[in-house]
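**Q**
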Amino acid sequence: MKALVVGGSGASGPLIVRGLVERDYEVTVLGRGVHPPSVPESVTQIRADPFELDSLQAALEGQSYDLVIAMYGVLRHVATACVGLTPRFISVGGLAPIYKGWGEMTSINPWETTSLTPLLLEEAHPLSSEEGIDRFAGAVRKAEGFVMQAHSDGHFNATHFRYPLVYGPGNICPAEWGLIRRARERRRPLILPGGGLTLVARGFSENMAHALLLAVEKPEASAGQIYNICDTRPQYNAEWVRAVSNSSGHEFEPVPIPFDLLPPGFRATPPQLLYRHHWVPSVQKVKDQLGYRDRVDFDEAIERTVRWYHDHPLEPGAEEERNLGDPFDYAYEDAVISAYRRLAGSFRSEIASLPHVEVQWRHPYQKPQERG
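Here the numbering used here = 1-based position in the sequence shown + 4.
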């Protein structure tokens, strides 16, 4: 059997490629060559631009595959180029752009454009089709629709996965690095907006690869389906910080500044800590239909991720680190913390002297003081 993986880099791509090889697929990886994936020598690698239809069609002319997994590029172009080349098409897109309220991805600071949404949103929740999204989100939704229409038209058996914030060894944009670098530099204060109480959907690379490979193994059950996928239990940002710091052998001193005190464009902390509202999908559908369960629990996943980046640190100031959007401006962070502590101290002193009604709490089901 032959499989084509479009993309294959990042955190989960190489794991999917290896999983296909283990399942006796003859695998070809197509990409631009900017981030060559770490894959077995038996894997064929071809260069083409998955953002350009002409480039894809030229590279795939005369080819045929039993399976295509599309993880990169313009999904509509990849799907179009694969019509007639394969009977099975599995694609990956973003999770956050789908639901209105989970941030405008084209914004300079998308975490500031989130709004209050229910927890555990299912694939077909109304917020996945509500108007008012930004251009990028609209394109992501249309790409999903294009793939599902190709399935309905009989061009191939299609399945689509919505990816969360993916983490793990080899990630080209590791959110954990903002914490890991601070830990390596033994920096103690850490601005924790909102006390770190936002729930964010994350997915360990090995878990995400496992979900896609389940769809490979179960083409009938996953036919024509769209799946949300992320780690089964979401973590508060404060939990994420604690797990990364514990794995780094370091203890941060969190400074919980309320979101409404931060100015627009505030960046003086790792950006994933700046999400103001929860974004948590339901993964019940993929559990029910494909039998998905996390292969690796959160604590072990973070431990393995952190250990890898301590062994393979990003170069300070290099492009990979700049892409994270974290300025690592410790002088500014210290100034912000000092200003907040002065304000908080003044606030506590002022409200302590305000007249107020004293209330004593009593348990509502107290034991009677007298018999009978």
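Each residue gets a CB set at the ideal place from its N, CA and C atoms; glycine is no exception.
Small disclaimer: the values here were computed from a predicted structure and weren't measured.
Going along the chain, which residues of its own chain have a beta-carbon closer than 7 Å to the beta-carbon of residue 117, five neighbours each way excluded?
**A** Only 107, 108, 111 meet the Cβ criterion.
**Q** Under three-state DSSP, which class holds residue 342?
**A** helix
**Q** Determine which residues share a DSSP beta bridge with residue 166 and list them.
**A** 97, 232
**Q** Measuring alpha carbon to alpha carbon, tell me which residue in 62, 102, 36 is nearest residue 77.
**A** 36
**Q** How big is the Cα-Cα spacing for residue 282 and residue 193?
**A** 24 Å
**Q** Determine, using beta-carbon pairs with one atom in the region 211-224 and one in the region 146-159, whether at least three such pairs fall under 8 Å.
**A** no
**Q** Taking C-alpha atoms, which residue in 293, 88, 129, 91 lies nearest to residue 105?
**A** 129
**Q** Do you know how far the Cα of residue 63 is from the Cα of residue 237?
**A** 41 Å
**Q** Using the Cβ count rule (16 or more neighbours within 10 Å means buried), how would you classify residue 387?
**A** Because residue 387 is not part of the residues shown, which for the chain are 5 to 376, the question remains open.
**Q** How close, in whole Å, do the beta carbons of residue 277 and residue 197 come, if the pair is a contact with beta carbons under 8 Å?
**A** At roughly 6 Å, the Cβ-Cβ gap stays under 8 Å, so residue 277 and residue 197 are in contact.
**Q** Please say whether residue 287 and residue 241 have beta carbons closer to each other than 7 Å?
**A** No, these two residues do not count as a Cβ contact at 7 Å.
**Q** How should residue 343 be labelled, buried or exposed, when 16 other C-beta atoms within 10 angstroms of its C-beta is the threshold for buried?
**A** exposed
**Q** Would you kindly report the start and end of the unbroken beta strand (DSSP E) that includes residue 50?
**A** 48-51
**Q** At what residue ranges does the region 206-231 contain a whole run of the beta strand (DSSP E), taking only runs of 3 or more?
**A** Those beta strand (DSSP E) runs which fall completely within the region 206-231 and span 3+ residues are 206-208.
**Q** Checking 7 Å against the spacing of the C-beta atoms, do residue 21 and residue 10 come in under that value?
**A** no
**Q** Please list, in chain order, all residues of the same chain as residue 369 whose beta carbon is under 6 Å from its beta carbon, the five residues on each side excluded.
**A** none
**Q** Can you pull the DSSP bridge partners for residue 6?
**A** 30
**Q** What does residue 125 pair with, by DSSP beta-bridge criteria?
**A** Per the DSSP secondary-structure output, residue 125 pairs in a beta bridge with 285.
**Q** If residue 183 sits next to residue 274, beta carbons under 8 Å apart, how far is it from one beta carbon to the other, in whole angstroms?
**A** 6 Å
**Q** Cutting at 6 Å between CB atoms, please list the residues of its own chain near residue 137, excluding the five before and the five after it.
**A** 104
**Q** Could you spell out where the alpha helix (DSSP H) holding residue 325 opens and where it closes?
**A** 323-326
**Q** What residue does the alpha helix (DSSP H) around residue 79 start on, and which one ends it?
**A** Element bounds for residue 79: 79-86.
**Q** Buried or exposed: which applies to residue 221, given that a residue is buried once 16 or more other Cβ atoms fall within 10 Å of its Cβ?
**A** exposed
**Q** So what's residue 90 in DSSP terms, helix, strand or just coil?
**A** coil
**Q** Less than 7 Å between the C-beta atoms of residue 90 and residue 150, yes or no?
**A** 7 Å or more divides the Cβ of residue 90 from the Cβ of residue 150.
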